[in-house]
Structure formats: structure tokens, C-alpha cells
Amino acid sequence: MNEDEVFYLFSLAVASISLLLLALILVVLVQYTLPVIKEMGFDYFITSSWNPVFGKEKYGILPYFLGTVLTSFIAVLVGVPISFGIALFLTEYSNKTLKKYLSIMIDLLAAIPSVIYGLWGFFVFRNFILDYIEKPLHNYFGKISIFSATPTGLDFLSGGLILAIMIIPIVSSVTREVLELVPTEIKEGIYAIGGNRYDVIVYGSIRYSKNGILGAILLGLGRAVGETMAVSMVIGNATGENALPRSLFSAGQTLSSLIANEFNEANPTSLHPNALVGAGLVLLMMAIVVNLGARAIVSKYKR
Amino acid sequence: MKTKIEIRNLNVWFNKRQVIYDVNLKVPEQAITAVIGPSGCGKSTLLRAINRLHDLIPEAKVKGEVLLDGKDIYKEDPLVVRRKIGMVFQKPVPFPSMSIFENVAIGVKLNDLAKKERLEKIVERSLRMAALWEEVKDILESPATSLSVGQQQRLTIARTLALEPEVLLMDEPTSALDPVSMKKIEELIVNLKNDYTIVVVTHDMRQAARISDFTAFMYEGKIIEFNETSELFRNPKEEITEKYITGRIS
Ligand SMILES: Nc1ncnc2c1ncn2[C@@H]1O[C@H](COP(=O)(O)OP(=O)(O)OP(=O)(O)O)[C@@H](O)[C@H]1O
Ligand SMILES: [Mg+2]
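These protein sequence lines map, in sequence, to chains C and F.
With my numbering applied, the first sequence corresponds to residues 42 to 344, in that order.
With my numbering applied, the second sequence corresponds to residues 64 to 313, in that order.
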């Protein structure tokens, strides 16, 4: 065996181990989830009652699935335009020094542990949201159902907005990278036909990097879907019917915050742990789908 | 012959490093002027100064005057200047996710120069002038990236012509192309000189001799010699010019 073959076998082994690990995790999750599905049937996925009390057990994860979808959606809706603005500013408008320091600062945002975001969200950010976003919206548009619940600052909107901030580093830095790959020839080509900077961005940079940008958004979405700690600290942690997202201002729960909040107190002889693992399984599926999508798009883009 | 562009005392710096020194040049109207010289002597820099592309590079500084029909382009709106003075680059890069049609039409659209109905005529006319129409008339909606590199270069010429510029600047327009495409573009350039004032930067002295009416020889940021092409190649006045055209420096 020569060096090449050894190295090949070694990499193959390592690669197989990670695949194996994923498969193993999936098998275990499915195994643990089966009992609760046997008990609840398909209702487990499409109903909302949640009662871990022995003898009255009922588990439906619909509200948490929807909560995950809603908060992630808010995160993308708010976080992506901001990230995009940052990336455009850094690549197209700022000078080299500014760019260097701003990029470092934004990348540092990614290094902040999520529990710190949670603390800040709980003690500071939610009051800000409550006073300057939720109360005005509720007062003026309270008749519209999404603004109807009495705001508390611990709700879907807060959860989504915290996530929005948390996805900014990844989305903006990947977007920045793809924007930097736009060939000078394209930009100068647009200037040379009398275009201005706006034209260069719209017809050159964005069009050229649209797949990469889409990939960046999906990476951000992947982060938002899986994020646990910070969300669980500001989302209000409702369960059962109450956790259904009826209003942006109602307390809710995501799949991950549900698991983080309840696994500790789940009675091992009940189906409660199984129901939580099932939530994890659904979460993992969502994360895999989003991440595979993102990767497929980004890799196709890089070619 | 009438002068279309007059360059007066042009100096260009990148980050304090001077690369163009006191260039003076009168570019005649409706003729092809070639700019030749060794690599790094400042040919592209000079050319880019003529349609204010240096404005976009923060580290570039330009001093001097570039007169188009007697008016200094550095005192006018750069967007209007670039429309009147078109630029074709060395490497043809079509605009992303745009069809062949859109690639030609985009400049006209950006500048609001024509209504939709006229756009089709402009695109056809430009593609015809760029000798590309026959090859693409049935695939106008295909992505421009599906064309060969030689076709793409003619496409970038068409997209420049669509704006009806007065001057065409070309920076080594054939150096990325195969011989057949090169020949097509050379013919095209010669045909265009009836309507345009053309400045071509080229590495290839034989190309300069084949297509140009006038030639400027640049060396280390200065214009050493400017003359009718046949004269410059037959009787170079400066020793350095002679050395360059006889291949003793490169
Ligand atoms: N954007 C820039 N920043 C800094 N220096 C530059 C820049 N563009 C060109 N230069 C420098 O200016 C000098 C002239 O370059 P230019 O591209 O004009 O030469 P050229 O004659 O076109 O060469 P070539 O035949 O290789 O294309 C070179 O030394 C080059 O390194
Ligand atoms: Mg050059």
C-alpha cells in the first residue's frame, strides 16, 4: 500500500464515521419516537394538546413546529435585509480600513454565546421591543389578529427578532464573500455603458451572485431553526393550545425551546421523554432539509 | 484630419506611484489609433483615463485634460461621458443571467434612451454592426454565456454600440481570442471606423500595422512617438521605438 492509498482509506474511514454517526442518531431518535407515535398516531404531528400528567398523557407537537417556522420566518424576514445591507455596504461602498474593522466586528457577533444573547434579550431587548414595537402596533392595529394579543415582550416576535440578530453574522459574511467574487469585468462593464453604482449592484453583483445569496439565506435559516437557548429565554414558553401562534405577541414555543425546557423534568416511565425526542427528530429533519438545500445551492454556485 | 479627442498633460498616479507622465495626444476622428508598448507601460491606464474609469478606483489620481470635441470630459457627468465614449475590455464577460438580447439592450434601458418598440431595432442594428446578427438572430433569448468567447467579445462590442457612442476604446480586444475570432474582430473594427473614432490598445504590433491608421508608442508611462502607422513602423524617429518594433525590447 502506498501513501496515497493509506490516506484514501483514512479519509474514507473518517468520512464514513461521520455519516454513520448521523445514521445512528437518526435510528436512535426514531426508536425513541416510535412509542409516542404508536400511542398518539399521526395526531402527534398535527394536534396541539400537550399533557405529560400520567394517565392523562397527550402529546401533539404542531404548535412547536409552527413556532419554529414562525420565528425562523421572522428571523429571515428581518435579518436577511439587514445582513444584505451590511454586505453591500462593505463590498460596494466602504473603504478598505472601514471594511476590515466592520467585518471583524460583525464576525465577532457570531462568537457571542447564545445564552448571552438570551440574557440580553430577556433583560434589555424585550423591553425595547415591548415599548417601541409591540405596544404601538397593538394600540394602532390591535384589531388585526396578528397584533391582537396583549404584548408582554416574551413572545414569538421577540424570539424571531433575537434570531434575526443571531443570523446576521453568518448571512452577511457569506453574502459578502459571494459579492466579492463578482468579476471586476462585470462591474466595469456596467459602468462602461453609463450605469451608476446602483445599476452595478442590481444588474451586476446581485444577478451574478443570486444563488450564493440564496445559499447564505438558507444557512441563516438553518441557524435560526436549530437555535435554542436565546429563543427559549424570550419566547414565553407556552405549551399546548396556548402555544399555537395566534398572534405575534402571544407567548409560544419552538421545537428546540420545548426540548430545552422540559427534558429535565420528564418522567422516564411516561411517554413524555419520547414525545420530546420526537420533537427533536422533527427538528433534525427540518435542519437537514434546510442545510442540504443551502449546501446544494452554494456548491452549485461555487462550481 | 479633425481631432476628436485631445489629451493634454495627462498624469495618472496609483497610490502616489506615477504611471502616466505628461501625456499629450490628438486622436483623429473616424480613424483607428493604435496604442502599443511593452507590458506595464501604462496603455490600459491611459485608455481608462479617456472614459473616466479611474473615478471608480479610490487609489487612482488623474490630472490633466481630456477634451472630447474641445470639451473637458473631467468637467462633465461621468455617466454621460461613458455613454459617449464606449469601452470594450480584454476579457469578454457578458452580464449575468441576461439573454443575448438583454445584454445588448441593457445600456439603452439603463440610460432610458429608447422606448420598447425601438429597442428591438437598436439591438438588431448593433448586432449587425458587430457582425453577430446572423449567428444569434434565432437565439436572442438564450443566455449570453452560451456563446463562444469570440462571439461574446462581439456581443460586448454590440452592447457598447447600442448606446451609439462617438468613440470606441478597446483594450486588447482580441488577446483572449482564437485566430479566427481575432480576424473577425479586426475586420469589424476596420468597418466601424467609418462611423466611429477608435482607439485600440494592443500587444500585437502586427495587429496595429494591419488595422490602424495611426500608432502611438508608449514606454514607461510616456508617449514616445505618435505618427501614421506606416510611417511609424517604417521610419521610427526614436531609437527606443525602433528597438521595440524590431523586437529588441519587449
Ligand atoms: N488599479 C491599480 N492599482 C495600482 N496599480 C495599478 C493599477 N492598475 C495598473 N496599475 C499599475 O500601473 C502600471 C501600468 O499598468 P497598465 O495596466 O496601464 O499597463 P499596460 O500597458 O496596460 O500593461 P499590459 O500590456 O500588461 O496590459 C503598472 O505598473 C500597473 O502595475
Ligand atoms: Mg493593459
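Each residue gets a CB set at the ideal place from its N, CA and C atoms; glycine is no exception.
A quick note: this is a predicted structure, and the numbers were derived from the prediction, not measured.
Asked, Found
"Closer than 8 Å to chain C by CB, Ser160(F)", "yes"
"Anticipated Cβ contact below 8 Å, Ile169(F) with Arg222(F), distance rounded", "7 Å"
"Inside the segment 134-201 of chain F only - beta strand (DSSP E) runs reaching at least 3 residues", "148-151"
"Residues that Ile227(C) contacts on chain F, provided the C-beta gap is smaller than 8 Å", "Val156, Phe158 and Pro159"
"Endpoints, alpha helix (DSSP H) assigned at Phe197(C)", "Phe197 to Glu221"
"Own chain partners of Lys300(F) with C-beta closer than 8 Å, once the 5 adjacent residues on each side are dropped", "Glu288 and Asn290"
"Residue closest to Leu203(F), alpha-carbon to alpha-carbon, out of Glu187(F), Val212(F) and His266(F)", "Glu187(F)"
"Assumed close pair Ser214(C), Ile147(C) - CB separation to whole angstroms, cut-off 8 Å", "7 Å"
"Simplified DSSP state of Met327(C), which is helix, strand or coil", "helix"
"Touch test, the segment 136-150 of chain F against the segment 72-92 of chain F, Cβ-Cβ under 8 Å, three pairs minimum", "no"
"Through-space distance from Gly277(C) to Ile284(C), alpha-carbon basis", "Sequence inspection shows Ala at residue 284(C); the Ile mentioned does not correspond to that position. The alpha-carbon atoms of Ala284(C) and Gly277(C) are separated by roughly 9 Å."
"Beta-carbon proximity of Tyr181(C) to Ala316(C), cut-off 8 Å", "no"
"Residues that Arg248(C) contacts on chain F, provided the C-beta gap is smaller than 9 Å", "Phe158, Pro159, Ser160 and Met161"
"Chain F within 8 Å of Gly235(C), Cβ atoms only", "yes"
"First and last residue of the uninterrupted beta strand (DSSP E) at Glu291(F)", "Lys285 to Glu291"
"Opening and closing residue of the alpha helix (DSSP H) in which Pro91(F) lies", "Careful: Pro91(F) lies outside any alpha helix (DSSP H), inside the beta strand (DSSP E) at Arg80 to Pro91."
"Chain F contact residues for Leu245(C), given Cβ-Cβ distances below 9 Å", "Residue identity check: residue 245(C) is Gly in the sequence provided, not Leu. Per Cβ cutoff of 9 Å: Phe158 and Pro159."
"Pro286(C) - DSSP class collapsed to helix/strand/coil", "coil"
"Leu295(F) versus Thr278(F): straight-line alpha-carbon distance, rounded", "7 Å"
"Same chain only: Cβ atoms within 7 Å of Val144(F), ignoring 5 sequence neighbours per side", "Asn114, Arg115 and Ile136"
"Chain C within 8 Å of Ile308(F), Cβ atoms only", "no"
"Cβ separation of Ser288(C) and Ser189(C), assumed to be a contact under 8 Å, to the nearest whole Å", "5 Å"
"Proximal residues to Phe163(C) (C-beta, below 7 Å), its chain only, five neighbours per side dropped", "Met274 and Val275"
"Under 9 Å from the C-beta of Ile169(F): neighbouring residues of chain C", "Ile231, Ile234, Gly236, Asp240 and Tyr244"
"Residues that DSSP places opposite Thr278(F) in a beta bridge", "Ala97(F) and Asn290(F)"
"Glu235(F) beta carbon near ligand 2 (any heavy atom closer than 7 Å)", "yes"
"Same chain, Cβ closer than 7 Å to Ile187(C), five either side skipped, listed in chain order", "Ser288 and Leu289"
"Short Cβ contact (8 Å threshold) for Asn74(F) with Gly127(F)", "yes"
"Run of the beta strand (DSSP E) containing Asp234(F), from where it starts to where it stops", "Val230 to Asp234"
"Where Asn114(F) meets chain C, residues with beta-carbon distance less than 8 Å", "Ala233"
"C-alpha gap between Phe280(F) and Asn87(F), whole angstroms", "12 Å"
"Cβ pair count under 8 Å reaching 3, the segment 256-268 of chain F against the segment 88-105 of chain F", "yes"
"Ser107(F) Cβ short of 7 Å to ligand 3 heavy atom set", "Among the ligands in the structure shown, ligand 3 does not appear; only ligand 1 and ligand 2 can be found there."
"Where Val94(C) falls: helix, strand or coil (DSSP)", "coil"
"Contact check, Lys341(C) vs Asn252(C), beta carbons under 8 Å", "yes"
"Proximity below 8 Å, CB of Val156(F) to CB of Ile242(C)", "no"
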